[in-house]
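Sequence lines, in order, name chains F and U. Positions 1 to 320 (our numbering) are the ones given, in order, by the first sequence. Positions 1 to 320 (our numbering) are the ones given, in order, by the second sequence.
2 protein chains.
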Amino acid sequence: MKFLVTGAAGFIGSNLADRLLALGHEVVGYDNFSTGRKAFMESALASPHCQLIRADLLDREALSKAMAGVDFVFHLAANADVRYGPNQRRKDLEQNTIATWNVLEAMHENKVPRMAFSSTGSVYGEPDVFPTPEHCPFPVQTSFYGASKLAAEALIQAYCEAFDLHAYIFRFVSILGERYSHGHVIDFYQQLLEHPAALRVLGNGKQRKSYLYVQDCIDAMLLAIESTPEKLNIFNLGTNEYCEVDDSVGWICQHLNLEPEVIHGGGERGWVGDSPFIFLDCTRIRALGWTPRFTIREAVVLTVEFLKANRWILQAPDAA
Amino acid sequence: MKFLVTGAAGFIGSNLADRLLALGHEVVGYDNFSTGRKAFMESALASPHCQLIRADLLDREALSKAMAGVDFVFHLAANADVRYGPNQRRKDLEQNTIATWNVLEAMHENKVPRMAFSSTGSVYGEPDVFPTPEHCPFPVQTSFYGASKLAAEALIQAYCEAFDLHAYIFRFVSILGERYSHGHVIDFYQQLLEHPAALRVLGNGKQRKSYLYVQDCIDAMLLAIESTPEKLNIFNLGTNEYCEVDDSVGWICQHLNLEPEVIHGGGERGWVGDSPFIFLDCTRIRALGWTPRFTIREAVVLTVEFLKANRWILQAPDAA
């Protein structure tokens, strides 16, 4: 099969591209390199079955051209930054909502029949039910990121209803692992490299969060798209556990043999739109036979290992 | 208070403008006249406290200028056509989702603190719970219209969380009454004028629908914005009843003294994205003391009366 992966030079996209190639598929990577890294695609591009298109999803002509002959789209490209939402409102609208509309239009033009979308547990806002199932009470959005992803989900659903499109919407917890390049583990690691004696943590450190190892995430997505024939499929993706931010701090410091003074910013939320408790009910994806192989703690440690071995990741993207 | 009403030359907007002026408020009407009618605003424009701005919501400069000194925005402008959604996908994205983003940005620039939004029961898709409450299970979108309105709701919610914005989101059933100019009553009336002996009805006629009289709708909105001090308020607006499409057909024909042959198109849905059953739980708005004064049947008859007295409405908007 020929897969188009948007955000193919990103954390999850590049790992997925490698996996799809290993399974014998063709991959068209599409990335604007706003946060993607050429180095992440080196292994994929060593294959004759992978091509890379450097373009933005707002470039509808390039996007439509890239869709030619594609069987399945993994739409992973996004502005994945929740924290800066209030200051980059246009970016969430354009790169998440309008970009998804463009992907759907380009698929429609090219009669591409199937797609998967990386949504987020952030669409649940601050839910009342934990673990939170896919059919929890109609949520209220608390972040521009969540709002832009919910808008994208809604568009996908309308296209499924109106046209011959099959879609898989995955609501991720935060993903960790090799090529991780954005989020709290890298923030803490960078701080500790610069000032090993002190670590500033946003919020009170008691925020309860869920994480999933990137290869477990990819296993789940690939299993789902092979297993369910429905037109529209919505799955939470996470582990059956959560941790506090301070737990994660402890694991990172222990792994680095550091005992910094931990200075909490205070408050239940680290920033506007930060959810104090994320814990998804993953019964639906587990019913397909999927089980994550790594715990949250193991995923955190694997991520620190990756960062230690790849300090270049701390530099801004090279736009190479 | 100074109110900005988007879609002020439309059905609900022009009735609201009249009401606000009667209550002694100032009104800035904003309309692109894509479906609005100058005639609907004649009564409002007779007041020295009303001004009309003819501009599109995609014109951010005009919109921002219009917000100067405004205390409250009623954002009613929309592409309100569910039925043609699959053929006008860009219109729903632009006129409903991006336009709402523009309204929120213009409010933010001008520090306008409060707004109300005309959302729709269509955001519930095809729910499992009837009557459907605001906190029903997380719905799946079945129309481009519903998707674009849900996206707009999500944006409003994110702005409320991040900034000092108070918002009222009203999920309407279909609204009927004076200045109604779009929907099944006008379709049926027009058909019967042209061919009194036959009436074509989309779907099997058994679709169960809810309607609300426009003045009841306005009563509810004005009561809500005076009553609830929360930052974000979501209300269903409808009556405590529903009817079948064939009931409505019967009332219209009886009122017109006609006995046409009714020809059903067949199927549970009239078109892609048509919901076979819309019935909203309005406990929340009723708890504020609101009760609709008119039944669905009365609202249908009032609408036919209006159409009979205003046949010019059957012509395309004059773009005057």
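C-beta: ideal position from N, C-alpha, C; glycine also.
Opening and closing residue of the beta strand (DSSP E) in which residue i lies
{"i": "A167(F)", "result": "H166 to F172"}
{"i": "V140(U)", "result": "Where V140(U) is concerned, there is no enclosing beta strand (DSSP E), given that its DSSP letter is neither H nor E."}
{"i": "D281(U)", "result": "Here D281(U) belongs to no beta strand (DSSP E), and DSSP marks it neither H nor E."}
{"i": "M115(U)", "result": "R114 to T120"}
{"i": "I234(U)", "result": "L232 to L237"}
{"i": "G289(F)", "result": "That residue, G289(F), is in no beta strand (DSSP E); it is neither H nor E in DSSP."}
{"i": "Q207(U)", "result": "No beta strand (DSSP E) holds Q207(U); DSSP gives it neither H nor E."}
{"i": "E241(F)", "result": "Per DSSP, E241(F) belongs to no beta strand (DSSP E) and is neither H nor E."}
{"i": "I53(F)", "result": "C50 to R54"}
{"i": "V73(U)", "result": "F72 to H75"}
Enclosing alpha helix (DSSP H) for residue i [first to last residue]
{"i": "E149(F)", "result": "Inspection of the sequence shows that residue 149(F) is occupied by Lys rather than by Glu. Note, K149(F): alpha helix (DSSP H), F144 to A162."}
{"i": "T6(U)", "result": "Not the alpha helix (DSSP H): T6(U) falls in the beta strand (DSSP E), residues K2 to T6."}
{"i": "I186(U)", "result": "H184 to E194"}
{"i": "V249(U)", "result": "V245 to H255"}
{"i": "D31(U)", "result": "That residue, D31(U), is in no alpha helix (DSSP H); its beta strand (DSSP E) goes E26 to D31."}
{"i": "I263(F)", "result": "Where I263(F) is concerned, there is no enclosing alpha helix (DSSP H), although the beta strand (DSSP E) it sits in stretches over E261 to H264."}
{"i": "N102(F)", "result": "A99 to E109"}
{"i": "I218(U)", "result": "V214 to S227"}
{"i": "V301(F)", "result": "I296 to A309"}
{"i": "E61(U)", "result": "R60 to A66"}
{"i": "I313(U)", "result": "No alpha helix (DSSP H) contains I313(U), which DSSP labels as neither H nor E."}
{"i": "G13(F)", "result": "F11 to A22"}
Residues near residue i by beta carbon distance below 6 Å, same chain, minus five either side
{"i": "H255(U)", "result": "V301 and V304"}
{"i": "C323(U)", "result": "Here chain U has residues from 1 to 320 only, and residue 323(U) is not among them."}
{"i": "A320(U)", "result": "Below a pLDDT of 50, predicted positions are generally treated as unreliable, and A320(U), at 46, falls in that range; the measurement from the model is reported next regardless. Counting only Cβ-Cβ distances below 6 Å, and skipping sequence neighbours, we find K38."}
{"i": "S275(U)", "result": "E126"}
{"i": "P133(F)", "result": "D281"}
{"i": "V140(F)", "result": "G125"}
{"i": "L223(U)", "result": "L288 and W290"}
{"i": "A106(U)", "result": "L63, S64 and M67"}
{"i": "V129(U)", "result": "C136"}
{"i": "K231(F)", "result": "C160 and H166"}
{"i": "R19(U)", "result": "I218"}
Whether residue i touches residue j by CB criterion (8 Å)
{"i": "E241(U)", "j": "T291(U)", "result": "no"}
{"i": "V123(U)", "j": "R171(U)", "result": "yes"}
{"i": "L288(U)", "j": "V173(U)", "result": "no"}
{"i": "V103(U)", "j": "L63(U)", "result": "yes"}
{"i": "E268(F)", "j": "G177(F)", "result": "no"}
{"i": "L212(U)", "j": "G238(U)", "result": "yes"}
{"i": "A167(F)", "j": "L150(U)", "result": "no"}
{"i": "N236(U)", "j": "I156(U)", "result": "no"}
{"i": "V27(U)", "j": "A44(U)", "result": "yes"}
{"i": "F33(F)", "j": "A17(F)", "result": "no"}
{"i": "V245(U)", "j": "N15(U)", "result": "no"}
{"i": "G69(U)", "j": "P317(U)", "result": "no"}
{"i": "I278(F)", "j": "S227(F)", "result": "no"}
{"i": "L165(U)", "j": "P113(U)", "result": "yes"}
{"i": "F117(F)", "j": "A162(F)", "result": "no"}
{"i": "R179(U)", "j": "F40(U)", "result": "yes"}
{"i": "R311(F)", "j": "D216(F)", "result": "no"}
{"i": "I225(U)", "j": "I169(U)", "result": "no"}
{"i": "F138(U)", "j": "F138(F)", "result": "yes"}
Sequence-distant residues of its chain with Cβ nearer than 8 Å to residue i (five each side left out)
{"i": "Y145(U)", "result": "N79, A80, D81, V82, G85, D92, N96, T120, S122 and G273"}
{"i": "V249(U)", "result": "F188, L199, V201, G205 and V262"}
{"i": "V185(F)", "result": "L176, S248, I252, V300, T303, V304 and L307"}
{"i": "E109(U)", "result": "S64 and M67"}
{"i": "G266(U)", "result": "G203 and N204"}
Own chain residues within Cβ distance below 7 Å of residue i, not counting five before or after
{"i": "I313(F)", "result": "S181 and L307"}
{"i": "S47(F)", "result": "L21"}
{"i": "E94(U)", "result": "L58"}
{"i": "W271(F)", "result": "R83 and L202"}
Nearest-angstrom Cβ-Cβ length linking residue i and residue j, presumed shorter than 8 Å
{"i": "A99(F)", "j": "D31(F)", "result": "Rounded, the Cβ-Cβ distance is 12 Å, inconsistent with contact."}
{"i": "F72(U)", "j": "M1(U)", "result": "6 Å"}
Distance cut-off 7 Å: residue i Cβ against heavy atoms of the ligand FMN
{"i": "T283(F)", "result": "Annotation note on the ligand FMN: not contained in the displayed structure, which lists no ligands."}
**Prompt:** What residues in the stretch 132-145 of chain F bring their beta carbon closer than 8 Å to a beta carbon of chain U?
**Reply:** Within the stretch 132-145 of chain F, the residues whose Cβ lies closer than 8 Å to some Cβ of chain U are E134, H135, C136, P137, F138, P139, V140, Q141, T142, S143 and F144, listed in chain order.
**Asked** Any residues in the stretch 68-86 of chain F with a beta carbon nearer than 8 Å to a beta carbon of chain U? Which ones, in chain order?
**Response** Those would be G85 and P86, in chain order.
**Under 8 Å (Cβ pairs) to chain U, residues found in the stretch 244-274 of chain F** = Correct list: V272 and G273.
**Item:** Residues, ordered as in the chain, of the stretch 97-108 of chain F that lie near chain U by beta-carbon distance below 8 Å
**Value:** Cβ contacts with chain U: T97, I98, W101 and E105.
**Request:** Anything in the stretch 154-168 of chain F with a Cβ closer than 9 Å to a Cβ of chain U? List those residues in chain order, please.
**Result:** For the stretch 154-168 of chain F, the residues whose beta carbon sits under 9 Å from a beta carbon of chain U are, in order, A154, L155, I156, Q157, A158, Y159, C160, E161, A162 and F163.
**Prompt:** When Cβ atoms are compared, which residues of the stretch 223-234 of chain U fall closer than 8 Å to chain F?
**Reply:** Of all residues in the stretch 223-234 of chain U, only L232 and I234 come within less than 8 Å of chain F when Cβ atoms are compared, listed by chain position.
**Message:** Which residues of the stretch 110-125 of chain F have a Cβ closer than 7 Å to any Cβ of chain U? Give them in chain order.
**Reply:** Residues passing the 7 Å Cβ filter: none.
**Request:** Could you name the residues of the stretch 191-204 of chain U whose beta carbon sits closer than 9 Å to any beta carbon of chain F, in the order they occur along the chain?
**Result:** Only those residues of the stretch 191-204 of chain U whose C-beta falls short of 9 Å from the nearest C-beta of chain F would be listed, and there are none.
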